[in-house]
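Working notes for the structure below.
There are 4 protein chains.
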Amino acid sequence: MGDTQGRVPVGIIGASGYGGVQLVRLLMDHPQIEIAYLGGDSSAGKSFSDLYPHLGHRVNLTIEPIDLDAIASRCQVVFLSLPNGLAYNMAPKLLEKGCKVLDLSADYRFSNLETYKAWYGGDRNDRDVADTAVYGLPELYRDRIATANLVGCPGCYPTASLLALSPLLKQGLIVPETAIVDAKSGTSGGGRAAKTHLLLAEADNSFAAYGVARHRHTPEIEQVCSDLAGHEVMVQFTPHLVPMVRGILATVYANLRDPGLVREDLITIYTAFYRTSPWVRILPGSTYPQTKWACGTNLCYIGIEVDPRTDRVIVMSAIDNLVKGQAGQAIQCLNLMMGWEETLGLPQLSFYP
Amino acid sequence: MGDTQGRVPVGIIGASGYGGVQLVRLLMDHPQIEIAYLGGDSSAGKSFSDLYPHLGHRVNLTIEPIDLDAIASRCQVVFLSLPNGLAYNMAPKLLEKGCKVLDLSADYRFSNLETYKAWYGGDRNDRDVADTAVYGLPELYRDRIATANLVGCPGCYPTASLLALSPLLKQGLIVPETAIVDAKSGTSGGGRAAKTHLLLAEADNSFAAYGVARHRHTPEIEQVCSDLAGHEVMVQFTPHLVPMVRGILATVYANLRDPGLVREDLITIYTAFYRTSPWVRILPGSTYPQTKWACGTNLCYIGIEVDPRTDRVIVMSAIDNLVKGQAGQAIQCLNLMMGWEETLGLPQLSFYP
Amino acid sequence: MGDTQGRVPVGIIGASGYGGVQLVRLLMDHPQIEIAYLGGDSSAGKSFSDLYPHLGHRVNLTIEPIDLDAIASRCQVVFLSLPNGLAYNMAPKLLEKGCKVLDLSADYRFSNLETYKAWYGGDRNDRDVADTAVYGLPELYRDRIATANLVGCPGCYPTASLLALSPLLKQGLIVPETAIVDAKSGTSGGGRAAKTHLLLAEADNSFAAYGVARHRHTPEIEQVCSDLAGHEVMVQFTPHLVPMVRGILATVYANLRDPGLVREDLITIYTAFYRTSPWVRILPGSTYPQTKWACGTNLCYIGIEVDPRTDRVIVMSAIDNLVKGQAGQAIQCLNLMMGWEETLGLPQLSFYP
Amino acid sequence: MGDTQGRVPVGIIGASGYGGVQLVRLLMDHPQIEIAYLGGDSSAGKSFSDLYPHLGHRVNLTIEPIDLDAIASRCQVVFLSLPNGLAYNMAPKLLEKGCKVLDLSADYRFSNLETYKAWYGGDRNDRDVADTAVYGLPELYRDRIATANLVGCPGCYPTASLLALSPLLKQGLIVPETAIVDAKSGTSGGGRAAKTHLLLAEADNSFAAYGVARHRHTPEIEQVCSDLAGHEVMVQFTPHLVPMVRGILATVYANLRDPGLVREDLITIYTAFYRTSPWVRILPGSTYPQTKWACGTNLCYIGIEVDPRTDRVIVMSAIDNLVKGQAGQAIQCLNLMMGWEETLGLPQLSFYP
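Residue numbers (the working numbering), protein chains in the order written: chain D, 1 to 353; chain R, 1001 to 1353; chain Y, 2001 to 2353; chain Z, 3001 to 3353.
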């Protein structure tokens, strides 16, 4: 692994879920980072290789109890990879002790805590801290992330949805209330806790929607869409479960304001919009993204179609839900916060097929 | 296999594709049918069990060349399970000789041959025959099918899409031009001919759209929607490939005309609409169909949701693309044409999981 | 569902697992059976369609508490589909009250209760009852099953393994101690209880062995092999998990005693051995069984190869682990016990692809 | 991509198959390599990103015709990734012009050309060149590879099989003629050319053996086993197709010479045997390798079990068939040939799950 001198010591709290193990995997290959603390409750005391024998040859770490003082004393940056509702009891203390914090849960994604409470419940009194949080979607909020101490990393579906929708809303090209996001995710998005409906015997060779008209990622998507449109926007969001491990495809529909726009116009607009975004790839005409292309990488592939019969635009975006949709994007944010290159240490080549 | 006396002799032309093998499988278990002719070009002369060794213990048939005279002399009913553009050279002759014909290709799905030519090409002069064809969706055209001699069996996507959309359009509950069908299919829909993008190594663990804004099932869906609405309707249709063998889920979006309608209203309306349709199952509230539930059967499961925030209805329909979406539906039509019970000989219980 | 008059009333105890739901599915289509009792502990009081909405249109049953008196008063036959170690507290009472009992667990598979205890633990004093149990593999013990009141249905792996091995051992064609069974199963064999390693996100796109040299199906295989060979035989058995829902393939290796035997000899011997077994299909030379061919049916496909370089025979057997490996075989046994045709009510055609 | 100055220019002939695309992917991330020539027949003239749009942002190369003079003038090293039977017409000329050659086909795997001809056919007169070829399994032939100019890279199955078997044979721990390799591979091993049996609709949710007792990897495994044992050894080899994209698991059985050996002894022996092999990982007791752990990396995971009941050893080895089983191992060989660290530029962390 080489020399760790001069590397930034980071902590990961919640190391045993898919978010945690992705963070470990990606940070192991990051040239400027050293993992200095791996914290977990149920797995405290275990070696990381007890949980993941196949990573034992590279990752020689023991999972420690979640002791915020110890974490803060040893880490400059802390990733919180925990279920919703836990981070807001930890982040304030870590910030106070001088750590930068990247939260992968929903706790710091909302500028309006009432929205959070309405969709996630819970009783929290950390408005002052929450007000300092920046939504960690670098393609939209790069500058604010660069100076933030607290980043609320986006959900997996919102990442794919917003990267597809943003240029349209920002440029006022669509009628916002016509926006529909039909999203499809691999089952790893449901986490590593054992649930019957996520068993291979149940989920394989089947396909279905869930959380129709009430999935918690809806207000998160709407918050950013409203920000981009300059007024409140409601979005129809429907998630589906795909019989595969990783990947999200969002198929986005919206009515064009100007029926004269053709596909090539939009490809030009998207390309310009993401010119400075190394992790977004606009595909040429008639090429539509495969989730497989993104898997293992921090990339988002975007394909664009215009239907001249209906004056609708259809945008498809593909990401790896655990990388660009979770751990990779958090590291992308960290790169910005540390003043490093945005691509530093993140994988660019999917291992297709 | 028991006694075949008194059974109706049927022919299947095109026995080696997925449509053909499904027809064989289903007709073998049909109590009123006897397979009297199995016709194929490339496989003529072979035993059916050469192609499908696992069916050899039940199916003792040899594939014969496609000889229309011989077919007509031995068969009362003929299923054409061929690529598009072949049936319209065979069906007229078979009809003339007194056979009933069920065509599984696109050739007889369109009441307007100009629409057919615009989307499928080809030069055909069988308007007189085509005018007698009935679109084989029993849930909508049961009576006409019962008296037809020529049935154009629906495509797999149109079957799922139209069963989801019909009650809404028929009752004028939605704004037709807001209808969007985001459909997802297992790869068997692509047929049994070897194509690189349908290889397991390519298609597994990936998800993508294809044919966006230009798939040939679009005009077929629109033709029936227009018929139901009483005026021309355009529908946004987007197919996707799911990494699984069988099954289609159509997720249908539309704006409600009357924002006061709630989910239970629509469940009641759908239940009434399909009261006499034994193959359509309306699910209770908050239950969404899994494609797996339908696989192996001729059933269509429909789940309904209303989003009171957006005044949209979201309808999900699940079918087995090779049964209700193809061979099973053809047999359902045949049951009607012969005056038999609509459910005769068709499987009702998926072998879940 | 038609008339149930004159049908035999049966009970199923343990209706919510994969074994139970298969029994329900298969018995619904059995022409001589009526399901008269569906018993369960955790799910008592629920409607069957609460658990399996997609079967609600055919199965109108409520799950009742496990009350042996009530069961015996209403049922002529009882299927026990429970975890190991429960049946031996129920079967004796049900038998005493005059029921025929088919147990799908391991409890009544062993003629030697010491073997049971050594591999499964538990403290049981039902030797008298256990001594009357017949091992429910009809292809070997057809006559004994026909007169039994208590049948211990085989495990899924033993079914596939023994159907492949039996002709070789019975005829003394192999050196018994060289027998190796390398078996591969879909994940539904692990049951419906949620376990992390059976999640799609864990098990899909991966392959591994488990329980090497210590799987509990080993003594069951050995018991029958010893019976066939006429002396004690030890078999090397290794199970693997395949990223698919259903199906078992057993690849069996053994050294031939007579190196002069060729493949066609063995095909002839196997065909003769299974001549009266409608559920076993011997494949022609160079054709090897696909698990998919058997799925949904009660069939076992067997392919045979001889390697003249090594004087080994390689036999491959494919079954559906939940049908021939579990619920279907139990019904096959019931057919024998009731004097019905062995194939009655059981599916013969896989719904390939 | 950074500076390419001082990098070694390499050519890849046969860029459009899975071997080629893996080489491109892996070499793009190799710090000492520059891809200087991408040669193909059918795809000559196309941009690499025409074939693989998702790699276009990193790989800016055009596929050129296979012109050996041009290749030799621009490349120091050439990878041949072609169907069997083509390399032996190219390698001699490239070697003559001073290139080092790594062949991924079977052409240079055999020290005895008669064995090659018996199993692969063809008429070749390059014995002089073939005699200089080294079998590219670094864990066994590290020193010879380091000084070779022509390397015949092993097949995927032989790689997994031999890494599992070698310590046993080398140390004389087993009775060689009892060795059985029951191997299972993802379907990408069948290549990217469209074949019906590799379609997702055919291969998914199924499992079967193929090439029983006659697969061409048999003599390759036997050649190395014989070399290790010091006398001719025959091995029973059976490949199977797993419904997944990537990965091979080999389950190896053999009778121990010394029944006193326990699992821990063998773990110690294997650990010592592979002490200097950074790409082989011996797992602790009771831990068996998942193919998923290796996928995307050049690693081979080995799990070991001893059955004291049968005195057999069971060894399981897991690799990525396209990396350690193909392109990655070729690069590992190149690293040795160039005097670089054996691990240089090759991925070590699977992107689990």
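Virtual Cβ for every residue (Gly too), placed ideally from N, Cα, C.
Please list, in chain order, the chain R residues whose beta carbon lies closer than 8 Å to that of residue i.
i          : result
Pro3243(Z) : Leu1200, Asp1204
Pro158(D)  : Result: empty, since nearest Cβ-Cβ is about 17 Å, beyond 8 Å.
How many whole angstroms separate the CB atoms of residue i and residue j, which I take to be in contact at a CB cut-off of 8 Å?
i          : j          : result
Asp2103(Y) : Cys2156(Y) : So it is not a contact: roughly 15 Å between Cβ atoms.
Ser2317(Y) : Cys2300(Y) : 6 Å
Thr2159(Y) : Leu2137(Y) : 7 Å
Asn321(D)  : Ser188(D)  : 7 Å
Run through chain Y and tell me which residues come within less than 7 Å of residue i, C-beta to C-beta.
i          : result
Asp3307(Z) : Ala2213, Gln2236
Against chain R, does residue i count as a neighbour if the rule is that its beta carbon must be under 8 Å from one of theirs?
i          : result
Ser2277(Y) : no
Ser3188(Z) : yes
Could you confirm whether any beta carbon from chain D is found closer than 8 Å to the beta carbon of residue i?
i          : result
Ile1180(R) : yes
Thr3268(Z) : no
Met3028(Z) : yes
Thr1251(R) : yes
So with Cβ pairs under 8 Å, would you call residue i a contact of chain Z?
i          : result
Phe2110(Y) : no
Ala2272(Y) : no
Arg58(D)   : yes
Lys2355(Y) : Since the displayed chain Y opens at 2001 and closes at 2353, residue 2355(Y) lies outside it and no answer follows.
Tyr301(D)  : yes
Under a CB-based cut-off of 8 Å, is residue i close to chain Y?
i          : result
Lys46(D)   : no
Thr196(D)  : yes
Thr1062(R) : no
Trp988(R)  : Within the shown structure, residues of chain R are numbered from 1001 to 1353, placing residue 988(R) beyond reach of any answer.
Could you tell me which chain Y residues have their CB closer than 9 Å to the CB of residue i, listed as they occur along the chain?
i         : result
Arg192(D) : Thr2196, Leu2199, Ala2201, Glu2202
For residue i, which residues in chain Z fall below 9 Å Cβ to Cβ?
i          : result
Ser350(D)  : Arg3025, His3054, Leu3055
Ile2314(Y) : Ala3209, Val3212, Ala3213, Gln3236, Thr3238
Kindly list, in the order they appear in chain Z, the residues whose Cβ is closer than 8 Å to that of residue i.
i          : result
Gln2290(Y) : Ser3206, Phe3207, Ala3208
Strictly below 7 Å CB to CB, what residues from chain D border residue i?
i          : result
Gly3296(Z) : Gly296, Phe351
So which residues on chain R does residue i lean against when the C-beta distance must stay under 9 Å?
i         : result
Gly247(D) : Asn1205, Ser1206, Phe1207
Applying a beta-carbon distance threshold of less than 7 Å, which residues of chain R neighbour residue i?
i          : result
Thr115(D)  : Simply none; closest approach about 13 Å.
Tyr2018(Y) : Pro1353
What residues from chain D crowd round residue i, counting only those whose CB sits closer than 8 Å?
i          : result
Leu3283(Z) : Pro53
Thr3287(Z) : Pro53
List, in chain order, every chain D residue whose beta-carbon is nearer than 9 Å to that of residue i.
i          : result
Val3021(Z) : Tyr352, Pro353
Closer than 7 Å by beta-carbon distance: list the chain Z residues that pair up with residue i, in chain order.
i          : result
Thr2310(Y) : Met3234, Gln3236
Segment contact flag, the stretch 2016-2025 of chain Y with the stretch 2039-2055 of chain Y, C-beta cutoff 8 Å, min 3 pairs: Output reads yes: the stretch 2039-2055 of chain Y touches the stretch 2016-2025 of chain Y.
Closer than 8 Å is the cut-off here; do at least three beta carbon pairs connect the stretch 3165-3176 of chain Z with the stretch 2208-2218 of chain Y? no
With a floor of 3 residues, list each beta strand (DSSP E) that falls wholly inside the stretch 2074-2117 of chain Y, ordered by position along the chain. Counting only runs of 3 or more residues that sit fully inside the stretch 2074-2117 of chain Y, the beta strand (DSSP E) segments are 2077-2080, 2100-2103, in chain order.
Hey, is the stretch 241-254 of chain D in contact with the stretch 266-282 of chain D, meaning 3+ C-beta pairs nearer than 8 Å? no
Let me know the alpha helix (DSSP H) ranges lying completely inside the stretch 1005-1034 of chain R, each 4 residues or longer, listed in chain order. 1018-1028
Complete alpha helix (DSSP H) runs within the stretch 3288-3332 of chain Z (minimum length 4 residues, chain order): 3291-3294
Quick check for students: name the residue ranges of the beta strand (DSSP E) that lie wholly in the stretch 1145-1185 of chain R, counting only runs of 3 or more. 1150-1152, 1180-1185
Taking contact to mean 3 or more Cβ pairs, one atom from each stretch, closer than 8 Å, check whether the stretch 96-111 of chain D and the stretch 312-330 of chain D are in contact. yes
Cβ pair count under 8 Å reaching 3, the stretch 1072-1088 of chain R against the stretch 1055-1062 of chain R: no
Closer than 8 Å is the cut-off here; do at least three beta carbon pairs connect the stretch 2170-2189 of chain Y with the stretch 215-222 of chain D? no
Determine contact between the stretch 2226-2239 of chain Y and the stretch 2296-2312 of chain Y, defined as no fewer than three beta-carbon pairs at a distance below 8 Å. no
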